[in-house]
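S.K.:
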Amino acid sequence: MVAFEQLWAAWRSEYVSGIATQSLPDNSTCVFCAIAASTLSPAETFTVWRGKTCFAVLNAFPYASGHLLVMPLRHVGELEKLTQDEAVELWQATTAAVVALKSAYGPDGVNLGVNLGRAAGAGLPDHVHIHVLPRWVGDTNFMTTVAGIRVMPEALEASWKRLTNAWPSDLTKFEE
Ligand SMILES: [Zn+2]
Numbered sequence: 611m612v613a614f615e616q617l618w619a620a621w622r623s624e625y626v627s628g629i630a631t632q633s634l635p636d637n638s639t640c641v642f643c644a645i646a647a648s649t650l651s652p653a654e655t656f657t658v659w660r661g662k663t664c665f666a667v668l669n670a671f672p673y674a675s676g677h678l679l680v681m682p683l684r685h686v687g688e689l690e691k692l693t694q695d696e697a698v699e700l701w702q703a704t705t706a707a708v709v710a711l712k713s714a715y716g717p718d719g720v721n722l723g724v725n726l727g728r729a730a731g732a733g734l735p736d737h738v739h740i741h742v743l744p745r746w747v748g749d750t751n752f753m754t755t756v757a758g759i760r761v762m763p764e765a766l767e768a769s770w771k772r773l774t775n776a777w778p779s780d781l782t783k784f785e786e
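If you read the sequence shown in my numbering, its first letter stands for residue 611, the second for the next number, and so on.
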């Protein structure tokens, strides 16, 4: 299916905040670690949430407004090398990201995506991250029509505010 292939191709283009890149610590080549270690404010690095072992950040070049990346704070490239605490919090945070996206954007659906290894399409294969992406009925058709042109109806600052406000306060209990 063409639309799915295009979506996957977009996920391969994983670039995150240029602001964070400028503040890369010495010897660090991982932009995710740079964001995690950054002394900039969450608004400046587009960090929507930070927990004990994981955090969630906006993709600075989103496929859709609200495109989130959820990942461990620790630099680890293989899913099976996550600690039990990291694995649990990663999934809680991914669930929270889905809840926040539903609340902030009211999408028709949500895509979760994980690329493990460069051959699988990971642009940054050494630091595990989960893509969480709101979808609407017909949006793939629209993307096909515009043929690769990224449509960004909302600035990252606006997405950050919406998702920060919508992020659940308790990741262990989502039901009201
Ligand atoms: Zn890293």
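All residues carry an ideal CB built from backbone N, CA and C; glycine is no exception.
A quick note: this is a predicted structure, and the numbers were derived from the prediction, not measured.
Pairs of beta-carbons, one from the region 716 to 734 and one from the region 762 to 781, closer than 8 Å: are there three or more?
M.R.: no
S.K.: If you run the structure through DSSP and keep just helix, strand and coil, what is residue 682?
M.R.: strand
S.K.: Quick check: is any heavy atom of ligand 1 less than 7 Å from the C-beta of residue 643?
M.R.: Within the cutoff, so yes.
S.K.: Short check: CB of residue 668 to CB of residue 658, under 8 Å?
M.R.: yes
S.K.: Does the distance between the C-beta of residue 736 and the nearest non-hydrogen atom of ligand 1 fall short of 7 Å?
M.R.: yes
S.K.: For the alpha helix (DSSP H) containing residue 643, list its first residue and its last residue.
M.R.: Note, residue 643: alpha helix (DSSP H), 641 to 647.
S.K.: Which two residues bound the contiguous beta strand (DSSP E) that contains residue 657?
M.R.: Judged by DSSP secondary structure, residue 657 falls within the beta strand (DSSP E) whose first and last residues are 657 to 660.
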